[in-house]
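Per my numbering, the very first residue in the sequence shown carries number 1183; after that it's consecutive. Glycine included, each C-beta is placed from N, C-alpha and C at the ideal position. Remember, predicted model here, so these are calculated numbers, not experimental data.
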Amino acid sequence: MQKGEAAKELCTMLGGDMVSTDAGLIARHCQDWHGDITSSAIALLRPRSTEDVSRAVRACAKLGLGVVPQGGRSGLALGAVPDAPESQVVLSLERMDRVRSLSAQDFTAVVEAGVVLESFKEEVAEAGLYFPLALGAQGTCQIGGNVSTNAGGVNVLRYGMTRELVLGLEVVLPDGRVLDRLSRLRKDNRGIDLKQLFIGAEGVLGIVTAVSFKLMPAPDQVSTALLALDSLEDAIELYRLARRQCCDLMSAFEFLPAEAFTLAREGIPDLSLPLEPAHRAYALVELSGSGLVDIEVLLSQFLELAMEEGLVRDGVVAQSEAQARNIWLVREGMNEGQARRGKHLRTDLSVPLSELAAFVAEAEAAVGEALPGAVCVSYGHVGDGNVHLNVLPDPEGMEALDQQIFRAKTVLNGVLDRYDGSISAEHGVGRLKKADFAARASSVQHDLLGRIKRAIDPNLTMNPGCLIDLES
Ligand SMILES: Cc1cc2nc3c(=O)[nH]c(=O)nc-3n(C[C@H](O)[C@H](O)[C@H](O)COP(=O)(O)OP(=O)(O)OC[C@H]3O[C@@H](n4cnc5c(N)ncnc54)[C@H](O)[C@@H]3O)c2cc1C
């Protein structure tokens, strides 16, 4: 069926409110976060309810169209960007944006997939509670995308990945049936936990339409510090010390390299720097809690100890929310600064914490040898063994940028394989890392993934081209 005909059929079957064929709107929904990749689609579907999603999925199945589920498009693995414009539609959850219920008695909430993470956090905070998932894209990403990528973020070391926050799901399956498991039970061991299949599945098994989450008591005390250190090794030692000394009340520990301030200033020119930019490494440490513990005292005692042990060279503790925000802006501004340097290799790797420093040293040396003019920028949620080891190619280099990026990736992955690490600690596989993922998955893994996919999506219509390739 021609693209135009398919779009017309969809309009007839689903109505003009749900189906858009507006070229500008489609183009906006077919671009990745960085604007590096632009694609197209037959149509954009914007359902308003679970029933609408079910009707849309059935209609697409009837027409043999692939459905690409889409949240806030902040995913960095091209999972939500179609790759076959003649046979795929984008299904955006943006209109399913209601918090269905919120219970302070049960510490739970039921929320639709299209709710933006930041709005959800705000609504939860208004009820005196706390939803701990926190990431740089929280003003854009949506709950359905968070669940489908099993998002991590800055609070993982204390609260776990998204998977650990989910109590239940509502999912529209590829045949249009609805798996309604919006449980609010904390404990439920009745056999195989089916919801786990859809968390982190990147939309290849069905469309998440609503989620029930655990909530936490709101921390009424938060202390944020930016510390200057000598090295990544010292940062990891500092992290271990904090785990032991801070009563499990550490909620974030981010590593920043020497280039952090320069990049953050390039990203946010009027950023006021919280520390002299004269050190080899930095750690952003945050403690939070509620109740009788004095978080400020805990942090200052911990810092005294860390200084006695020679781990901390200098530091600043935020005295207000505005100062804490400013410290976080250094971390967030780094992403923007790197983007302004142009096309570069962005990675999201993990190795066991005990091997992280050795891995980063070896990987940076290998990239330096292969691409002498390139700059490595290593930073991130190192407490989780997770590092963004990004490579900014040399604009004056002998090779084109794309070639340099490809070479850097090959070199890095080679080192990573020796450490038995992951090519995707948080962002998922999507379309971007599919080949690298396939090359590293065992035959048993391939076989199981293929069987699960075919069992749930026998016609392979759900997010085709994402995560795995199977012959139809
Ligand atoms: C500045 C920045 C900082 C970031 N920081 C972090 C971080 O710290 N930790 C982290 O984990 N990630 C981070 N990310 C990546 C990204 O924000 C997360 O992966 C996020 O969870 C994606 O949500 P989204 O709504 O934007 O999903 P999208 O990008 O729209 O989609 C992502 C994937 O999920 C699928 N999908 C989306 N919605 C649904 C649904 N309802 N049902 C089924 N499938 C669906 C899509 O098909 C796609 O495969 C960051 C991104 C940026 C740009």
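Burial is judged here by how many other beta carbons sit within 10 angstroms of a residue's own beta carbon; G1524 has fewer than 16 and is exposed. Within the same chain, Cβ atoms closer than 6 Å to the Cβ of D1618 are found at I1605, the five residues on either side in sequence being excluded. Between Q1213 and T1220, the C-beta gap is smaller than 8 Å, which places the two residues in contact.
When the beta-carbon positions are compared, I1325 and V1297 come within less than 8 Å of each other. The secondary-structure analysis by DSSP pairs C1558 across a beta bridge with V1573. Residue environment analysis places T1592 among the exposed positions, since fewer than 16 neighbouring C-beta atoms fall within 10 angstroms of its C-beta.
Restricting attention to S1433, G1246, I1638, the CA atom closest to the CA of Q1184 is found in G1246. Listed in chain order, the beta strand (DSSP E) runs fully inside the stretch 1305-1362 are 1348-1354, counting runs of at least 3 residues.
Here G1471 is bridged, per DSSP, to Q1403. Here DSSP, grouped into helix, strand and coil, assigns D1651 to coil. One Cα belongs to D1599, the other to N1508, and the distance between them is close to 37 Å. Within a 10 Å sphere around the beta-carbon of K1244 sit fewer than 16 other beta-carbons, which makes this residue exposed.
Between V1393 and A1295 the beta-carbon gap is near 7 Å, inside 8 Å, which marks them as a contact.
In terms of Cα proximity to P1534, the closest of G1632, E1448, V1564, R1522 is V1564. The nearest non-hydrogen atom of ligand 1 is less than 7 Å from the C-beta of E1384.
Between the beta-carbon of A1223 and that of P1267 there is about 6 Å, and that keeps the pair under the 8 Å contact cut. Runs of the alpha helix (DSSP H) lying entirely within the stretch 1226-1297, each at least 4 residues long, are 1232-1245 in chain order.
Ranked by how close their Cα comes to the Cα of C1558, the residues L1445, D1402, L1347, E1581 have L1445 in first place. Here the distance from the Cβ of A1319 to the nearest heavy atom of ligand 1 is below 7 Å. Boundaries of the alpha helix (DSSP H) harbouring V1626: 1625-1638, taken from the DSSP string. Non-local beta-carbon contacts of Q1320 in its own chain, meaning distances under 6 Å to residues more than five positions away in sequence, involve L1299, E1300 in chain order. Here DSSP, grouped into helix, strand and coil, assigns I1389 to strand.
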